[in-house]
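K.L.:
When we follow this note's numbering, the leftmost residue of the sequence shown carries the number 285, and every step to the right adds one.
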Amino acid sequence: MGGNCWLPVTPLLPGSLCLGGIVSAKEPNQAQLGLGAWAIGGSDWGSPQDESTSRRTIALAVERGITFFDTAPTYGDSELLLGRELGPKRDQVTLATKCGPLDDPSDSLEESLRRLQTDYVDLLQLHEVGPDFEGSLEKLDRLRREGKARAIGLCNASASQLVKAHEMVALDTYQAPYNLFDREAEQRHIPFCRKHGLDFLAYRPLASGMLTTRFASASPPTFPEGDHRRMIWWFKGQELSRRLEVIERLSKLAADQAMTLSAFSLKWVLSRPGMAVVLAGARTPEQLEENLSARDGLLDPERVSAVDEAVFQVFRPALAMEHALAEAAGWEPRERFIVEHLDGLTSCDSIAAEWSDGSEPALMGAQVRQFVDQLQAAGMVEFR
Ligand SMILES: NC(=O)c1ccc[n+]([C@@H]2O[C@H](COP(=O)([O-])OP(=O)(O)OC[C@H]3O[C@@H](n4cnc5c(N)ncnc54)[C@H](OP(=O)(O)O)[C@@H]3O)[C@@H](O)[C@H]2O)c1
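(1) Give the straight-line distance between the Cα atoms of Arg398 and Phe417, rounded to the nearest whole angstrom.
(2) Can Val453 and Leu421 be called in contact, C-beta distance under 8 Å?
(3) Exposed or buried, which one is Ser634 when buried takes at least 16 other CB atoms within 10 Å?
(4) Cutting at 8 Å between CB atoms, please list the residues of its own chain near Leu291, excluding the five before and the five after it.
(5) Say the cut is 7 Å; is the CB of Ser546 nearer than that to a heavy atom of ligand 1?
(6) Rounded to the nearest angstrom, what separates Gly305 and Gly521 at their Cα positions?
(7) Can you tell me which residues form a DSSP beta bridge with Pro357?
(8) Which value, in whole angstroms, describes the spacing of the CA atoms of Phe484 and Arg618?
(9) Going by alpha carbons, who is nearest to Lys528 out of Ala356, Val598 and Leu379?
(10) Taking one C-beta from the stretch 378-387 and one from the stretch 405-414 each time, how about it: are there three or more such pairs within less than 8 Å?
(11) Starting from Ala486 and walking both ways along the beta strand (DSSP E), at which residues does that stretch end?
(12) Where DSSP assigns a beta bridge to Lys382, which residues make up the other side?
(13) Does the structure place the stretch 311-331 close enough to the stretch 355-366 that three or more beta carbon pairs sit under 8 Å?
(14) Measure the C-alpha to C-alpha separation of Cys289 and Arg513 and round it to an integer number of angstroms.
(15) Give the C-beta separation of Val530 and Trp552 to the nearest angstrom, bearing in mind that I take them to be a contact with Cβ-Cβ under 8 Å.
(16) With respect to 7 Å, is the separation between the Cβ of Leu410 and the closest non-hydrogen atom of ligand 1 below this value?
(17) Three-state secondary structure (DSSP) at Asp375?
(18) Buried or exposed for His473, please, with buried defined as at least 16 other CB atoms from any protein chain shown within 10 angstroms of its CB.
(19) Between Gly663 and Pro569, what straight-line distance do the alpha-carbon atoms span, to the nearest angstrom?
(20) At the level of alpha carbons, what is the spacing between Leu537 and Ala578?
(21) Whole beta strand (DSSP E) runs in the stretch 420-450 with 3 or more residues, listed along the chain?
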């Protein structure tokens, strides 16, 4: 186990030439802001979004030079709205949609094409890894050869699943969550994409809206019935307290740059190496307008480090105490592995990645962090 700690400006592998990507951007000054069209589609974001607001948001995006739109059949009316608004401008935009892990990719794409009012998509992504992962990828590859999908990609895979998928079908893209809190992709996925020429698409760059002024106060958030964020772990408990503490520090850094928290947070993602498209969701033209200012230049390395430091000060790696190590000797391999790797230097994401390199099922950094919270409550770890 090395000193693979989450210190300011986590090093990544050196960049590689883009061989087959659809966006051709790997270095920070080339990443583009795209519109994530889940929230405007209206499903799982509380009461359905009113159509005219959604359409005005899409129209503003085009007007202001956004060309990449990410959607999925499961995002409510998102594909329909994009089709209505972008149909006449089809050749000016890049349309990325998805198919579900249990769906037939060909049938799913036909439905998407109908809703999107087009006869091809620029990118078709497998939304998650399902039981017939290999079969789904082969079908995606066939759709690419037929030209109905100009490129194909994968979302939400473990590192070993990503490697296997790319060996099978030469993926063009990979999509995963990435924001200044949720940085697991830095461990294996982003370096892999850079090395092998896949475009990395960062989703939830605002941590589902947490990195906005709406949450820049110490009060716990409330979400309406039907908003999926009621179930998201970082809007609760200890993780919420930690994130709000960081947000207080970030708000000052953003203000120093005369930026809002959301634009500043997006700019941080755009400034990170290895990004091709940053998929920011926005429900209204006003939100979109605010977010667009993230495109005016990159954060300088000192600001990037200041953000990383603000996060690191709150998310410090845990150190297992002597009695925890002794007790863990009798625990299951996974739990024992975690405790043995809590050396006060190694991040939860790094521990999860190391475990997942050699063992199934893969472990996520969030699971390690929640386990560490339990250890802390039991007085078995300390933070220096
Ligand atoms: N592949 C996958 O499995 C997957 C999963 C999730 C997302 N995605 C993609 O990634 C895109 C982005 O992710 P996301 O929408 O979940 O999260 P996000 O981009 O981190 O957050 C978007 C939400 O933040 C709030 N917001 C945005 N700008 C704001 C502003 N300036 N001021 C105040 N609030 C603002 C809005 O919600 P409120 O107004 O309701 O607070 C908005 O819907 C999605 O649309 C989708 O295309 C993909």
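Cβ atoms here follow ideal geometry from the backbone N, Cα and C, with glycine treated the same way.
Computed from a predicted model, the values in this text were never measured in an experiment.
P.N.:
In terms of the structure at hand:
(1) In the sequence shown, the residue the question calls residue 398 occupies position 114. In the sequence shown, the residue the question calls residue 417 occupies position 133. Taking the straight line from one Cα to the other gives about 25 Å.
(2) Position 169 of the sequence shown holds residue 453. Position 137 of the sequence shown holds residue 421. Annotated as proximal: Val453 and Leu421, with beta-carbon spacing under 8 Å.
(3) As a working mapping, residue 634 is identified with position 350 in the sequence shown. By the 10 Å Cβ count, Ser634 comes out buried.
(4) Numbered from its first residue, the sequence shown carries residue 291 at position 7. Low per-residue confidence applies at Leu291: pLDDT is 24, beneath 50, and the placement is therefore not dependable enough to give any value.
(5) Taking the first residue of the sequence shown as position 1, residue 546 is located at position 262. Correct: Ser546 has its Cβ closer than 7 Å to ligand 1.
(6) The sequence position of residue 305 within the sequence shown is 21, counting from 1. The sequence position of residue 521 within the sequence shown is 237, counting from 1. With a pLDDT of 44 at Gly305, under the threshold of 50, the modelled position of that residue is not reliable, and no figure is offered here.
(7) For the purposes of this step, residue 357 is identified with residue 73 of the sequence shown, where counting begins at 1. According to DSSP, Pro357 bridges with nothing at all.
(8) In the sequence shown, counting from the first residue as 1, residue 484 sits at position 200. In the sequence shown, counting from the first residue as 1, residue 618 sits at position 334. The straight-line gap from Cα to Cα measures roughly 29 Å.
(9) For the purposes of this step, residue 528 is taken as residue 244 along the sequence shown, with counting starting at 1. Just to set this straight, residue 528 is Leu in the shown sequence, not Lys. For Leu528, the nearest C-alpha among the options comes from Val598.
(10) Three or more beta-carbon pairs separated by less than 8 Å link the stretch 378-387 to the stretch 405-414, which places the two stretches in contact.
(11) One-based indexing of the sequence shown puts residue 486 at position 202. Ala486 -> beta strand (DSSP E) spans Asp483 to Tyr487.
(12) On the sequence shown, residue 382 is found 98 positions in, with the first residue counted as 1. By DSSP's assignment, Lys382 forms a beta bridge with Gln409.
(13) Below 8 Å, enough C-beta pairs join the stretch 355-366 and the stretch 311-331 to call them touching: three or more.
(14) As a working mapping, residue 289 is identified with position 5 in the sequence shown. As a working mapping, residue 513 is identified with position 229 in the sequence shown. Here the model assigns Cys289 a pLDDT of 25, short of 50, so the residue's position is not dependable, and the following value carries that caveat. Rounded to the nearest angstrom, the gap between the Cα atoms of Cys289 and Arg513 is 29 Å.
(15) Here residue 530 is taken as the residue at index 246 of the sequence shown, counted from 1. Here residue 552 is taken as the residue at index 268 of the sequence shown, counted from 1. Incorrect: roughly 12 Å between the Cβ atoms, too far for contact.
(16) By one-based count along the sequence shown, residue 410 stands at place 126. Checking the Cβ of Leu410 against ligand 1 gives no.
(17) Here the question's residue 375 lines up with position 91 in the sequence shown. If DSSP states are grouped into helix, strand and coil, Asp375 belongs with the helices.
(18) One-based indexing of the sequence shown puts residue 473 at position 189. Buried, by the Cβ-count rule.
(19) The residue given as residue 663 occupies position 379 in the sequence shown. The residue given as residue 569 occupies position 285 in the sequence shown. Going by the C-alpha atoms only, they are around 48 Å apart.
(20) For the purposes of this step, residue 537 is taken as the residue at position 253 of the sequence shown. For the purposes of this step, residue 578 is taken as the residue at position 294 of the sequence shown. When rounded, the distance between both Cα atoms is 14 Å.
(21) The DSSP assignment places complete beta strand (DSSP E) segments of no fewer than 3 residues inside the stretch 420-450 at 436-439, in order along the chain.
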